[in-house]
Amino acid sequence: MLSRLFILILSCFFFMNTQADNGAKVATVGIGTKYQQALKDIKAEFGEPTTIDQQAIEFKNMTYHNFKFDLVIFKFKNDKLNEARFFMRAKNKIGADKKVEALSKELGKKHPLSEDYEDGSYFYKGGLSPKGIGHLFTISTAKRQGVWNAELTYGPF
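Here it is in structure tokens:
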């Protein structure tokens, strides 16, 4: 009896995971999309990238959700899109925190967000990951290469 229950629960878990892979997107580009199709979709959505290789597609000065991002990187693993990172530079931590707050208000219109507070800054998690467990994206403040940034990160998945 217990083994049947275990098999039933395990089957439900696998079914949920395979079903959850569908639908998670960055704009119109599906997470898990194979590289060649993702490249076409990314170009159609965002225009011509600054840099292209098999591991990453990069843009500079790109607008997304009415925000101008200084750097955007779409990353690939095993020939599939598994991460997208959007960076807005700021003069200082306070400036980055303000951009994080503005991003959270905008993305909160489409996705329920959870809010946490760590190291003197708020950060947010929202959406549903393509695996069906966890979040699709995070919005946070971080220092990257000596520069404060507001970061919108999808993945990695």
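Note that the sequence shown covers residues -20 to -1, 1 to 137 in mature numbering (1 follows the signal peptide of the UniProt record, and there is no 0).
Using N, Cα and C, we set each Cβ at its ideal position, and we do this for glycine too.
These numbers were taken from a predicted model, which means no experiment stands behind them.
C-beta contact flag for residue i and residue j at 8 Å
i, j, result
"Leu116", "Ala4", "yes"
"Ile37", "Leu19", "yes"
"Thr31", "Ala76", "no"
"Tyr97", "Val80", "no"
"Lys57", "Trp128", "no"
Of the residues the options, the one placed nearest residue i, counting alpha carbons only
i, options, result
"Phe26", "Thr121, Ala82 and Phe54", "Phe54"
"Gly106", "Ala82, Glu98 and Tyr134", "Tyr134"
"Ser84", "Ile119, Asn41, Phe67 and Ile22", "Ile119"
"Gly88", "Lys123, Phe67, Leu132 and Met68", "Leu132"
"Asn67", "Lys40, Pro29 and Val6", "A small correction: the amino acid at residue 67 is Phe; Asn does not occupy that position in the sequence shown. Comparing Cα-Cα distances from Phe67 to each of Lys40, Pro29 and Val6, the minimum goes to Lys40."
Simplified DSSP assignment, three categories, for residue i
i, result
"Asp33", "coil"
"Asp99", "coil"
"Ile22", "helix"
"Ile11", "coil"
"Leu87", "helix"
"Glu38", "strand"
"Asp77", "helix"
"Ala82", "helix"
Rounded C-alpha distance that separates residue i from residue j
i, j, result
"Gln125", "Lys90", "31 Å"
"Arg65", "Ala130", "10 Å"
"Phe137", "Tyr104", "18 Å"
"Ala70", "Lys78", "9 Å"
"Ile22", "Val9", "6 Å"
Residue-level contact to chain B via CB, residue i, 8 Å cutoff
i, result
"Lys20", "Among the chains in the structure shown there is no chain B, since it carries only a single protein chain."
Q.
Quick check: the segment 39 to 50 against the segment 104 to 122, are at least 3 beta-carbon pairs closer than 8 Å?
A. no
For this session: Specify whether the segment 13 to 25 and the segment 55 to 67 touch according to this definition: at least 3 beta carbon pairs, one from each stretch, less than 8 Å apart.
Result: yes
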